[in-house]
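S.K.: First, the structure itself, so that you have it in front of you.
2 protein chains.
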Amino acid sequence: MDTYGWYPEDNENLTDNEGSMDGEDFLAAERDIRKRLGDRELDFDSLHAISNIYRAATAVRRRAEREVLAQHNLSWGGFTILWVLWVWGQMDTARLASECGLAKGTLTGMLTTLERRHLVEREQVKTDRRKVTVALTSDGLTLIEDLFPRFNAYEVAMSEGLSLTEKRELARLLRIVTSNAVP
Amino acid sequence: MDTYGWYPEDNENLTDNEGSMDGEDFLAAERDIRKRLGDRELDFDSLHAISNIYRAATAVRRRAEREVLAQHNLSWGGFTILWVLWVWGQMDTARLASECGLAKGTLTGMLTTLERRHLVEREQVKTDRRKVTVALTSDGLTLIEDLFPRFNAYEVAMSEGLSLTEKRELARLLRIVTSNAVP
DNA sequence: CATGGATCGTTCGGTACCAAAAGATCTCGC
DNA sequence: GCGAGATCTTTTGGTACCGAACGATCCATG
């Protein structure tokens, strides 16, 4: 069996990761990865940069849904839709899907859900009847205006420990990754 | 109507965002947000830092599923499970769920899918029959060893434009956010 | 022993989410 | 005008994914 077939039989000499993780444990986990796979031709810096994005996104999303959004029966996606319509005003579904990072087929179902709750409304475009524009209702406006400041407070809490410079640097680096990933 | 009730009626004087977005457009979009909501007491730096995490994660995930994982019929979650088992070896389902960032109920279903494809196998722990450990099969090992180098190449492509220092800085900042979000 | 509480994995009900196909409408060459 | 192709949204079929409820197993205390 060549080096590529190497496989860990036990966890000796590796960091114990039982229980909940803090920042130290994450670093330790990344060291373990390097110890396991260090003899291969891999780019570990890209690996950690990219995989930490998803890890952070999942953690932030799940906690937001539990602690901020659940009391209003909103999913992350539903909240995003309201937020985008609030900031940019009404728009057609193709643009809305792109802004929200959703497939347009996904958007259809979620709009139906939001429409049933009278938070948004659809309207067929007169000049091009293939298109549909979506807008907040007054209920939707009330909800997002009440909810968003609390959501922003949550975002502040999630970026605790980052300086102003670091927040801006984080946003900048993520913009670069995003434009790499959007074909 | 007070300032809080202000609502955009049209998109004049705002950046046109039709079509696909690049890094410039993202910055423009963030400027629009500030223009729309700038008179409120919100922390825009936290907002952009946090919301860009999710945007980047979604874009990276979707493209990976399409361009790297689809040819092996793997979802992002399924891939993550194989990867974690590869790096750390067999473990019980609770730890596996935590490492993968999945709810344990979700993991059950995905393990069943992977087990049906003979990529992983479950085994009841002798000393504590409540527990179940999960391990890669040899098919699973072959798959991840073939797939991971290509996945890593994808990660390199996604971090194009970032220097080594920036990749490490990105990983570091995201670790801070993640530990804020894991309660 | 016995039994109540803690700790596992799984099941359940429901939404989110995607890619691909279908259906509706517009546009442009002829 | 009129039919072919382009461009929209919705529908479809299937997986991922969550929280909560459930059932099995372990363990501490009397």
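If you read the protein sequences in the order shown, they are chains R and F. Numbered per the numbering used here, the first sequence spans residues 1265 to 1447. Numbered per the numbering used here, the second sequence spans residues 1265 to 1447. Beta carbons: idealized from backbone N, C-alpha and C, even for Gly.
Just by C-beta distance, which residues in the stretch 1367-1384 of chain F are closer than 7 Å to chain R?
M.R.: Per Cβ criterion, the list is empty.
S.K.: Residues of chain F with CB closer than 7 Å to the CB of residue 1317 of chain R, please, in chain order.
M.R.: The residue labelled residue 1317 of chain R in the question sits at position 53 within the first sequence. 1317, 1320, 1321, 1324, 1438, listed in chain order.
S.K.: What residues in its chain sit with their C-beta under 7 Å from that of residue 1367 of chain R, if we drop five residues either side in the sequence?
M.R.: What you label residue 1367 of chain R is simply residue 103 of the first sequence in a count that begins at 1. Counting only Cβ-Cβ distances below 7 Å, and skipping sequence neighbours, we find 1361.
S.K.: Following the continuous alpha helix (DSSP H) through residue 1433 of chain F, name the residue where it begins and the one where it ends.
M.R.: Here residue 1433 of chain F is taken as the residue at index 169 of the second sequence, counted from 1. Residues 1428-1445.
S.K.: Indicate the three-state DSSP secondary structure (helix, strand or coil) for residue 1269 of chain F in the structure shown.
M.R.: Position 5 of the second sequence, counted from the first residue, corresponds to residue 1269 of chain F. Any reading at residue 1269 of chain F is ruled out, since the residue's pLDDT is 34, under 50, leaving its predicted position unreliable.
S.K.: One question on the structure: do residue 1363 of chain R and residue 1311 of chain F come within less than 7 Å of each other, judged by their Cβ atoms?
M.R.: Within the first sequence, the letter at position 99 stands for residue 1363 of chain R. Within the second sequence, the letter at position 47 stands for residue 1311 of chain F. No. Outside cutoff.
S.K.: Look up residue 1449 of chain R in the DSSP assignment and say whether it is helix, strand or coil.
M.R.: What is shown of chain R runs 1265 to 1447, which leaves residue 1449 of chain R out entirely.
S.K.: Would you report the Cα separation of residue 1371 of chain R and residue 1398 of chain R, rounded to the nearest angstrom?
M.R.: Taking the first sequence and counting its residues from 1, one reaches residue 1371 of chain R at position 107. Taking the first sequence and counting its residues from 1, one reaches residue 1398 of chain R at position 134. Residue 1371 of chain R and residue 1398 of chain R: Cα-Cα distance of roughly 11 Å.
S.K.: Should residue 1390 of chain R go down as buried or exposed, given a rule of 16 or more other Cβ atoms within 10 Å for buried?
M.R.: The residue labelled residue 1390 of chain R in the question sits at position 126 within the first sequence. Classification of residue 1390 of chain R: exposed, given that the 10 Å Cβ count is below 16.
S.K.: Compare the C-beta of residue 1313 of chain R with all C-beta atoms of chain F and state if any pair is closer than 7 Å.
M.R.: As a working mapping, residue 1313 of chain R is identified with position 49 in the first sequence. Residue 1313 of chain R counts as touching chain F.
S.K.: Counting only Cβ pairs nearer than 8 Å, list the residues of chain R close to residue 1431 of chain F.
M.R.: Residue 1431 of chain F sits at position 167 when you count from the first residue of the second sequence. The contacting residues are 1309, 1310, 1312, 1313.
S.K.: Output, in chain order, the set of chain F residues within a Cβ distance shorter than 7 Å of residue 1339 of chain R.
M.R.: In the first sequence, the residue the question calls residue 1339 of chain R occupies position 75. None at all; the shortest Cβ gap to chain F is about 13 Å.
S.K.: Along the chain, where does the beta strand (DSSP E) containing residue 1397 of chain F start, and where does it finish?
M.R.: In the second sequence, residue 1397 of chain F corresponds to position 133, counting from 1. Looking at the DSSP string, the run of the beta strand (DSSP E) that includes residue 1397 of chain F is 1396-1400.
S.K.: Which of the three DSSP states is assigned to residue 1392 of chain F in this structure?
M.R.: In the second sequence, residue 1392 of chain F corresponds to position 128, counting from 1. Residue state, collapsed to three classes: coil.
S.K.: Between the Cα of residue 1427 of chain F and those of R:1415, R:1417, R:1429, R:1440, spot the shortest distance and give me the residue it belongs to.
M.R.: The sequence position of residue 1427 of chain F within the second sequence is 163, counting from 1. With distances taken between Cα atoms, residue 1427 of chain F lies closest to R:1440.
S.K.: For residue 1423 of chain R, tell me which candidate among F:1301, F:1296, F:1314 has the shortest Cα-Cα distance.
M.R.: Taking the first sequence and counting its residues from 1, the one referred to as residue 1423 of chain R is at position 159. The shortest Cα separation from residue 1423 of chain R among F:1301, F:1296, F:1314 belongs to F:1314.
S.K.: What does DSSP give as the partner residues of residue 1309 of chain F in its beta bridges?
M.R.: As a first step, residue 1309 of chain F is located in the second sequence; it is residue number 45 there, counting from the start. None, per the DSSP bridge assignment.
S.K.: Along the alpha helix (DSSP H) that carries residue 1351 of chain F, what are the first and last residues, could you check?
M.R.: The residue labelled residue 1351 of chain F in the question sits at position 87 within the second sequence. 1340-1352 is the extent of the alpha helix (DSSP H) around residue 1351 of chain F.
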